[in-house]
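Enquirer: Before anything else, here's the structure in question.
In this note's numbering, the protein residues as written are 25 to 119.
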């Protein structure tokens, strides 16, 4: 198990919140729309910077960028939880 996935196994007893903003759809891209989300994976932070409101910062236990594939999220977050469930631990994934 690699260092990144170790933090998501049963050894941590608290609720963890992991975020990945939705990338723009093809329709949104074709309209030249811009996302008001910026992701800082290192600081585990999502910055919301929309023209209609003040900039807001949100911190999480882990943040995935827009480019992160669904398979990568599963490998890092979900797979270790499934392993723990198969060992008899209780877990919940809310998406």
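Ideal placement from N, C-alpha and C gives every residue a C-beta, glycine not left out. Model, not experiment: these values are computed from the prediction.
1. Kindly indicate which residue of 102, 116, 72 has the alpha-carbon position closest to the one of residue 64.
2. In angstroms with no decimal places, state the Cα-to-Cα distance between residue 117 and residue 106.
3. Closest to residue 49 by CA distance: which of 77, 90, 101, 78 is it?
4. With a threshold of 16 other CB atoms inside 10 Å of the CB of residue 88, please say whether the residue is buried or exposed.
5. Rounded C-beta distance between residue 42 and residue 85? I'm assuming under 8 Å.
6. Considering just the uninterrupted stretch of the beta strand (DSSP E) at residue 72, what are its terminal residues?
7. Could you compute how far the alpha carbon of residue 56 sits from the alpha carbon of residue 74?
Expert: Walking through what the data contain:
1. Measuring from the Cα of residue 64, the nearest candidate turns out to be 72.
2. Put simply, the backbone Cα of residue 117 is about 10 Å away from that of residue 106.
3. Measuring from the Cα of residue 49, the nearest candidate turns out to be 90.
4. Around the beta carbon of residue 88, 16 or more other beta carbons lie within 10 angstroms, which makes this residue buried.
5. Contact holds; Cβ gap of about 6 Å.
6. Residues 69-72.
7. If I take the Cα positions, the gap works out to 15 Å.
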